[in-house]
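Quick notes on the structure that follows.
2 protein chains.
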Amino acid sequence: MNLNYTNSKCKIVVDAMGGDYAPHNAVVGAIEAAEEDQNIILVLVGRETEIVKVLNDNNLDFPKEQIVNADEVIGMHDSPTAALKAKKNSSIVVGANLVKNNEADAFVSAGNTGAMMAASTLLIGRIPGVGRPTIGATIPTEKGNFCTIYDVGASVDSKPRHLLEYAVMGSIYAEEIFNIKNPTIGLLNVGEEESKGNKVSLEAYELLKNTDLNFTGNVEGRDILKGTTDIVVCDGFVGNILLKFAESIMGLLKAKFKSFAGESFSNKIRVGLAKGTLKKVLKDMDYQEYGGVPLLGTNGISIIGHGSSSVLAIKNMVLRAKEMYDKNLIHKIEDSIKRYAN
Amino acid sequence: MNLNYTNSKCKIVVDAMGGDYAPHNAVVGAIEAAEEDQNIILVLVGRETEIVKVLNDNNLDFPKEQIVNADEVIGMHDSPTAALKAKKNSSIVVGANLVKNNEADAFVSAGNTGAMMAASTLLIGRIPGVGRPTIGATIPTEKGNFCTIYDVGASVDSKPRHLLEYAVMGSIYAEEIFNIKNPTIGLLNVGEEESKGNKVSLEAYELLKNTDLNFTGNVEGRDILKGTTDIVVCDGFVGNILLKFAESIMGLLKAKFKSFAGESFSNKIRVGLAKGTLKKVLKDMDYQEYGGVPLLGTNGISIIGHGSSSVLAIKNMVLRAKEMYDKNLIHKIEDSIKRYAN
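If you read the protein sequences in the order shown, they are chains A and X.
Taken in order, the first sequence gives residues 15 to 356; the numbers are from this note's numbering.
Taken in order, the second sequence gives residues 15 to 356; the numbers are from this note's numbering.
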């Protein structure tokens, strides 16, 4: 029995219009989660007619009063801040406002990442003491475990203080959600020595080493996949570029196999034989498998999914939101951030 | 016939002590290059006794007067700037000084990258108008060609002006050495839109778009392996982290295959069958295959090799140095940089 669990009812809003396969995947995945955990009170926000159609098509029984209509949709390529202003009745704005107004405990969306980020930060607001919320990305390592990188795109030109905040919040998330005791934290840098780095990393090193966090020093680009530390902190500019690079590796591998197969008939057969093995081996290198990433630092639970989220990914995101609620993550972050206030 | 080629004699100094397999690989590779191009006057710098031993062991005929003795060696883990001061008689310092004093045209080393960088910049000096020299890394793309990233570690906290310099120098290198006409240049950023990015990238965008370089705008992390542009410019902090991450991908792949093979006997056989194919396919993803990277912006040719450089890698580095000499690269960079002076 996990004593951290409150197991009280938790109202989770899911953006039915978010993601490339919306509303189908969002609606079906969210309902699967609510069926698995009876303490989830699910609210679907989006175009009611489209939501009802998915419910009917899939013979799903869902109370009409838990559907909140929102006529507008923020597209994947809309400019986040402009869309927030222009589309007040979009599922993302309406959903975030439900959390802001304490009418819901968590918001989950596989829609426009930037818009979700902006809506969560601007509408739900920041946890007191947090200068910048952060998005983490979980990457598989050689050791068979995972390394979570903060920040991968929530903000650029992070100040040293922000990197400290990422470490504090990431550490709590790793302890509570990944069950890693005293998770190790590395500062992403161009060398291992304390004297290495740019101005921000040099100052961040000073801040981090004077905490009781399990800060193990600088890590380099190669340490992420090696699994040197559980958590890696860096400016969002670096983290975002690194994550998008990592996500593109599969494309290069596929292209290389295709061109090799095209060279000769025997190569084609070889690739055919290797393909199944490769697929299995690389399955957990496919970053899209992991579902949503948490946005940490907002004063309410917010989970942002990949645009291509599957039904399972959406389901896992909703269950993750519930877990964050049960484990009282927002308050734990608030308490911890207070301890590191200037 | 390439009219750019001067085909005059070129004196190239090779650090015999540089690299994990020194002095063997350095000496043998350098001599192979000099045999291939009779216009190379090779100078080997390092511990004379050790060099002579390699010559004797391999039955190589090499004039004693072209060996410059240097008793000290800067190790792979020595602190670059400290080592330059403490080890005045190291092969790296002696070699760089030969170029500085116009006693040689080029310097090639697979030794300590940081020390080579520092020796080249501080001793050989910068091309007039160049604020910061840069190291490039060449990465294979989905398209089957290459993308060269500048900077991957020569400097951090680059100013917008430095990113412009990287673009100018990288463009000349791509035209002259890779024979790419009017190479495309992307600015590494967190989004494609001109309005995206941190302070440095926003300013660098302004500088780059007002040149006659083939600047195509911002590129994201995923565009590198896609091969969106021939050249990608970024701050050395980002580039270095990215390169080291890229170099570590093979390690993750190997670990994943190993763990998959360990799961069952049939998996073991599958991996055995796939291994050969995979090896062939991934060969050109192995970044160590490419040999040396050019250091651009120093007022003399300087090529820095990977520590694990093979005989072939060293040979290619020496031939590359000769090509840079024949194509008058230093003066072309100087002329071009002048055109973009404030």
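Every residue, glycine too, gets a C-beta built ideally from N, C-alpha and C.
Under 8 Å, Cβ to Cβ, is there at least one residue of chain X near A30 of chain A? Not a single CB atom of chain X sits nearer than 8 Å to the CB of A30 of chain A.
Please give the ranges of any beta strand (DSSP E) in the stretch 165 to 203 of chain X, keeping only runs that are unbroken, at least 3 residues long and fully inside the region. Whole beta strand (DSSP E) segments, 3+ residues: 199 to 202.
Delimiting residues of the beta strand (DSSP E) encompassing P308 of chain X: Counting along the chain, the beta strand (DSSP E) containing P308 of chain X begins and ends at 307 to 310.
Apart from the five residues just before and just after E23 of chain X, which ones in its own chain have a Cβ nearer than 7 Å to its Cβ? Strictly speaking, residue 23 of chain X in this sequence is Lys, with Glu absent from that position. Result list for K23 of chain X: N53, I55, in chain order.
Is the CB of G211 of chain A under 8 Å away from at least one CB in chain X? Cβ-Cβ to chain X under 8 Å: yes for G211 of chain A.
Alpha-carbon to alpha-carbon, V107 of chain X and A30 of chain X: One C-alpha to the other measures close to 13 Å.
At what residue ranges does the stretch 87 to 149 of chain X contain a whole run of the alpha helix (DSSP H), taking only runs of 4 or more? Fully enclosed alpha helix (DSSP H) runs of 4 or longer: 94 to 100, 105 to 114, 127 to 133.
For chain A, is any of its Cβ atoms less than 8 Å away from the one on L17 of chain X? Since pLDDT at L17 of chain X reaches only 42, below the 50 mark, its modelled position is unreliable, and the value read off the structure follows with that caveat. No, because no Cβ of chain A sits closer than 8 Å to the Cβ of L17 of chain X.
Is the stretch 317 to 328 of chain X touching the stretch 35 to 52 of chain X, taking contact as three or more C-beta pairs under 8 Å? Touching, yes, given that three or more Cβ pairs across the two stretches are closer than 8 Å.
I want to know whether the stretch 65 to 78 of chain X touches the stretch 123 to 132 of chain X - three or more CB-CB distances under 8 Å. The stretch 65 to 78 of chain X vs the stretch 123 to 132 of chain X: no contact.
Out of A:N103, A:V87, A:I138, state which residue places its alpha-carbon closest to the alpha-carbon of E117 of chain A. Ranking A:N103, A:V87, A:I138 by Cα distance to E117 of chain A puts A:I138 first.
Leaving aside the five residues before and after P94 of chain X along the sequence, list all residues of the same chain whose C-beta is less than 6 Å from its C-beta, in chain order. Excluding positions up to five away in sequence, the list reads G128, A129, A132.
Supposed contact pair K210 of chain A and V204 of chain A - C-beta distance, whole angstroms, cut 8 Å: Contact between V204 of chain A and K210 of chain A holds, since their C-beta atoms are separated by about 6 Å, short of 8 Å.
I need the straight-line Cα distance from L17 of chain A to N254 of chain A, nearest angstrom please. The pLDDT assigned to L17 of chain A is 42, lower than 50, so where the model puts this residue is not dependable; a value taken from the coordinates is nonetheless given after this. Going by the C-alpha atoms only, they are around 36 Å apart.
Closer than 9 Å by beta-carbon distance: list the chain X residues that pair up with R140 of chain A, in chain order. Near R140 of chain A there are no residues of chain X at all, since even the closest Cβ is about 21 Å away, more than 9 Å.
Given that T291 of chain A touches chain X, what residues does it touch there, using C-beta distances under 7 Å? In chain order: R284, V285, A288.
For L202 of chain A, decide whether its Cβ has a neighbour in chain X, counting only Cβ atoms nearer than 8 Å. In terms of beta-carbon proximity, L202 of chain A lines the interface with chain X, with at least one pair separated by less than 8 Å.
What separation, rounded to the nearest whole angstrom, lies between the Cα atoms of N281 of chain X and K293 of chain A? In a straight line, the C-alpha of N281 of chain X is about 13 Å away from that of K293 of chain A.
Partner residues on chain X for V252 of chain A, Cβ-Cβ distance less than 8 Å: Residues of chain X with a Cβ closer than 8 Å to the Cβ of V252 of chain A are, in chain order, F251, V252, I255.
Among the candidates A:G32, A:L112, A:I283, A:N159, whose CA atom is the shortest distance from the CA of L239 of chain A? Considering only alpha carbons, the answer is A:N159.
Using a Cβ cut-off of 9 Å, pull out every chain A residue sitting near L296 of chain X, in sequence order please. Proximity of chain A to L296 of chain X at the Cβ level (cut-off 9 Å) is accounted for by L267, K270, in chain order.
Where the alpha helix (DSSP H) through D71 of chain X begins and ends: Taken as a continuous stretch (DSSP letters only), the alpha helix (DSSP H) holding D71 of chain X covers 62 to 71.
Residues of chain X with CB closer than 7 Å to the CB of V170 of chain A, please, in chain order. Below the 7 Å Cβ cutoff, chain X contributes V204, G211, N212 as neighbours of V170 of chain A, in chain order.
Rounded to whole angstroms, what's the CA-CA distance from I141 of chain A to E208 of chain X? Just pull it up for me. Between I141 of chain A and E208 of chain X, the C-alpha separation is close to 31 Å.
Taking only runs of the beta strand (DSSP E) that begin and end inside the stretch 226 to 277 of chain A, which ones reach a length of at least 3 residues, in chain order? As summarised for the stretch 226 to 277 of chain A, the continuous beta strand (DSSP E) elements at least 3 residues long and confined to that stretch are 229 to 233, 245 to 247, given in chain order.
Taking 8 Å as the threshold, find out whether the stretch 54 to 74 of chain X comes into contact with the stretch 340 to 356 of chain X through three or more Cβ pairs. With the cut-off at 8 Å, the stretch 54 to 74 of chain X and the stretch 340 to 356 of chain X do not touch.
Nearest chain A C-beta to L239 of chain X closer than 8 Å, yes or no? It does: the Cβ of L239 of chain X has a partner Cβ on chain A nearer than 8 Å.
Determine the direct distance from the alpha carbon of F251 of chain X to that of S123 of chain A, and round the result to whole angstroms. Straight-line measurement puts the Cα of F251 of chain X at about 33 Å from the Cα of S123 of chain A.
Straight-line CA distance for I328 of chain A to G89 of chain A? Using only the alpha carbons, I get a separation of about 18 Å.
Could you please give me the residues that DSSP links to S316 of chain A through a beta bridge? A:F121.
What residue from X:T162, X:G145, X:I81 has the CA that sits closest to D237 of chain X's CA? Nearest C-alpha to D237 of chain X: X:T162.
Start and end residues, alpha helix (DSSP H) containing D349 of chain A: Segment 343 to 353, the alpha helix (DSSP H) holding D349 of chain A.
Do you know how far the Cα of V166 of chain A is from the Cα of R175 of chain A? Separation of R175 of chain A and V166 of chain A (C-alpha to C-alpha, rounded to the nearest whole angstrom) is 17 Å.
Consult DSSP for D340 of chain A and reduce its assignment to one of helix, strand or coil. In the three-state reduction of the DSSP assignment, D340 of chain A falls in the helix class, which pools H, G and I.
I318 of chain A classed as buried or exposed, judged by whether at least 16 other C-beta atoms fall within 10 angstroms: Looking at its Cβ environment, which holds 16 or more other Cβ atoms inside 10 Å, I318 of chain A is buried.
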